[in-house]
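Enquirer: Sequential numbering from 81 applies to the sequence shown in the working numbering.
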Amino acid sequence: MKIAFIGLGAMGFPMARHLSKQHELLVWNRTHAKAERHASEHGTRACGELAECAAAEVIVTMLPTSREVDEIVDKLLPDLERGTLWIDATSGDPNVSRDTAVRLATRGVAFVDAPVTGATVGAENATLTIMVGGAPEDFARALPILQICGKKIVHVGPVGAGHAIKVLTNSIMGATVWITSECMLLAKQLGIDIKTALEVTNAGSGRSNASENLLPKRLRDHEWPLVFKLAHHDKDIRIAASLAHQQHASTPMLALTQQLFTSSLNQLGDGADYIEVAKIVAKMNGTSWD
Ligand code: NDP
81 MKIAFIGLGA MGFPMARHLS KQHELLVWNR THAKAERHAS EHGTRACGEL AECAAAEVIV
141 TMLPTSREVD EIVDKLLPDL ERGTLWIDAT SGDPNVSRDT AVRLATRGVA FVDAPVTGAT
201 VGAENATLTI MVGGAPEDFA RALPILQICG KKIVHVGPVG AGHAIKVLTN SIMGATVWIT
261 SECMLLAKQL GIDIKTALEV TNAGSGRSNA SENLLPKRLR DHEWPLVFKL AHHDKDIRIA
321 ASLAHQQHAS TPMLALTQQL FTSSLNQLGD GADYIEVAKI VAKMNGTSWD
């Protein structure tokens, strides 16, 4: 099958590599050199013009937000063939994705939102969890493609449902990272060694992905790799907060998490990794993790 993959970032680059092992792959990236590198390393075809992607039976987008996806949809719409399937793996906005699906349907193109979780390591190892919103027949078409990149693929509901659950799970992660950082800092201030504090937390009821996998490297080993941009995480939590607002839902913890993450982003800048919010937790207390 001919698949076009658009967006060769931290997640898209390895996902496109997996797909290229079983399918003919066209790749397009805003910075063309990355598409050329993908082509030379993985035998894919780098498209110089975005319009070349319209020839594919399936188009996959993996872009920062729904805004960039919409811009690409606008550019490709006139050239798309009826029967094409568009899989949007971006962590996007369900309201926008529903509009996008309607616009694509006018050209006979099916759309599913299929955001992923599992971080760059999951993309590298093809072990992502993928949550899909779309009509059952479109999910059935997308499934064998998504199974190449992921381990657990879940159909969560109609178009937009994938994007909705994605931003909610990322909000849970954000709140957990923040409270765990606060408590680890307090432990340190109380004279408890950070290694010991993490060891006890991870052997007890405070254990989480944040305490087991995300924070030790940063707080204990003082390594702060960039694996997931804080700007992307903040975007997800802001979408979740806007969904709560639309539903007239009372979600004070979500609102606070959004405030904390947006404030952290404003202080740390676009280049920061999401776990660097722990630095802001320390800064708020006039200290650091060193
Ligand atoms: P990156 O920032 O690494 O990559 C973004 C990609 O989008 C690049 O290919 C970039 O092109 C392209 N791009 C940016 N702006 C535009 C534009 N205006 N027009 C066209 N292309 C554009 O992001 P990630 O791969 O980390 O994330 C992608 C999506 O996946 C996000 O929605 C994120 O929230 C989500 N996600 C990320 C995870 C992670 O751990 N990183 C985990 C799970 C989900 P260029 O090379 O030119 O900059």
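Beta carbons: idealized from backbone N, C-alpha and C, even for Gly. Keep in mind it's a predicted model, so treat the numbers as computed, not measured.
Thinking C-beta only, is residue 113 closer than 8 Å to residue 105?
Expert: Locating residue 105 in the sequence shown gives position 25, where the first residue counts as 1. Locating residue 113 in the sequence shown gives position 33, where the first residue counts as 1. Their beta carbons are not under 8 Å apart, which means residue 105 does not touch residue 113 by this criterion.
Enquirer: Measure how close the beta-carbons of residue 233 and residue 98 come, nearest whole angstrom, since I'm counting them as under 8 Å.
Expert: Reading the sequence shown from its first residue, position 153 is the one you call residue 233. Reading the sequence shown from its first residue, position 18 is the one you call residue 98. The C-beta distance from residue 233 to residue 98 rounds to 14 Å, too long to meet the 8 Å contact threshold.
Enquirer: Take every Cβ of the segment 230-245, pair it with every Cβ of the segment 205-217, and state whether three or more of those distances are shorter than 8 Å.
Expert: Judged by Cβ distances under 8 Å, the segment 230-245 makes contact with the segment 205-217, as three or more pairs qualify.
Enquirer: Sort 230, 202, 177 by Cα distance to residue 191 and report the nearest one.
Expert: Within the sequence shown, numbered from 1, the residue matching residue 191 stands at position 111. That would be 177, whose Cα lies nearest to the Cα of residue 191.
Enquirer: In three-state DSSP terms, what is residue 170?
Expert: Against the sequence shown, residue 170 aligns to sequence position 90. Three-state result, residue 170: coil.
Enquirer: Apart from the five residues on each side of it in sequence, which residues of its chain come closer than 6 Å, Cβ to Cβ, to residue 268?
Expert: As a position in the sequence shown, residue 268 is number 188, starting the count at 1. Counting only Cβ-Cβ distances below 6 Å, and skipping sequence neighbours, we find 274.
Enquirer: Tell me residue 345's beta-bridge partners as DSSP assigns them.
Expert: Mapped onto the sequence shown, residue 345 falls at position 265. Residue 345 is not bridged to any residue.
Enquirer: With DSSP as the reference, identify every bridge partner of residue 125, one or two as the case may be.
Expert: Reading the sequence shown from its first residue, position 45 is the one you call residue 125. According to DSSP, which records beta bridges pairwise, residue 125 is partnered with 106.
Enquirer: Let me confirm a value: residue 154 is counted as buried when at least 16 other C-beta atoms fall within 10 Å, else exposed. Which label applies?
Expert: Numbered from 1 along the sequence shown, position 74 holds the residue referred to as residue 154. Burial call: exposed.
Enquirer: Check each candidate in 311, 334, 327, 329 and name the one with the smallest Cα separation from residue 357.
Expert: On the sequence shown, residue 357 is found 277 positions in, with the first residue counted as 1. Of 311, 334, 327, 329, the residue nearest in Cα terms is 311.
Enquirer: Quick one: give me the first and last residue of the alpha helix (DSSP H) that residue 226 is part of.
Expert: Locating residue 226 in the sequence shown gives position 146, counting from the first residue. Start and end: 216-229.
Enquirer: Name the DSSP bridge partner or partners of residue 211?
Expert: Position 131 of the sequence shown, counting from 1, holds the residue named residue 211. Answer by DSSP bridge pairing, in chain order: 234.
Enquirer: Among the residues of its own chain, which have a CB less than 7 Å from the CB of residue 265, if the five just before and after it don't count?
Expert: The count along the sequence shown starts at 1 and reaches residue 265 at position 185. Within the same chain, residue 265 has close Cβ partners 361, 362, 365.
Enquirer: So residue 141 is in the beta strand (DSSP E); what residue range does that whole segment cover?
Expert: As a working mapping, residue 141 is identified with position 61 in the sequence shown. Per DSSP, residue 141 belongs to the beta strand (DSSP E) from 138-141.
Enquirer: Taking contact to mean 3 or more Cβ pairs, one atom from each stretch, closer than 8 Å, check whether the segment 340-360 and the segment 167-176 are in contact.
Expert: no
Enquirer: Under 8 Å by Cβ, that's how I've got residue 160 and residue 182 pegged, so tell me the actual separation to the nearest angstrom.
Expert: Looking up residue 160 in the sequence shown gives position 80. Looking up residue 182 in the sequence shown gives position 102. Incorrect: roughly 14 Å between the Cβ atoms, too far for contact.
Enquirer: Does the segment 278-293 come close enough to the segment 245-260 that 3 or more CB-CB pairs lie under 8 Å?
Expert: yes
Enquirer: Taking residue 164 as the reference, which of 144, 336, 137, 108 has the closest Cα?
Expert: The sequence position of residue 164 within the sequence shown is 84, counting from 1. For residue 164, the nearest C-alpha among the options comes from 137.
Enquirer: Between the alpha carbons of residue 193 and residue 140, how many angstroms are there, rounded?
Expert: The sequence position of residue 193 within the sequence shown is 113, counting from 1. The sequence position of residue 140 within the sequence shown is 60, counting from 1. Distance between the alpha carbons of residue 193 and residue 140 is about 10 Å.
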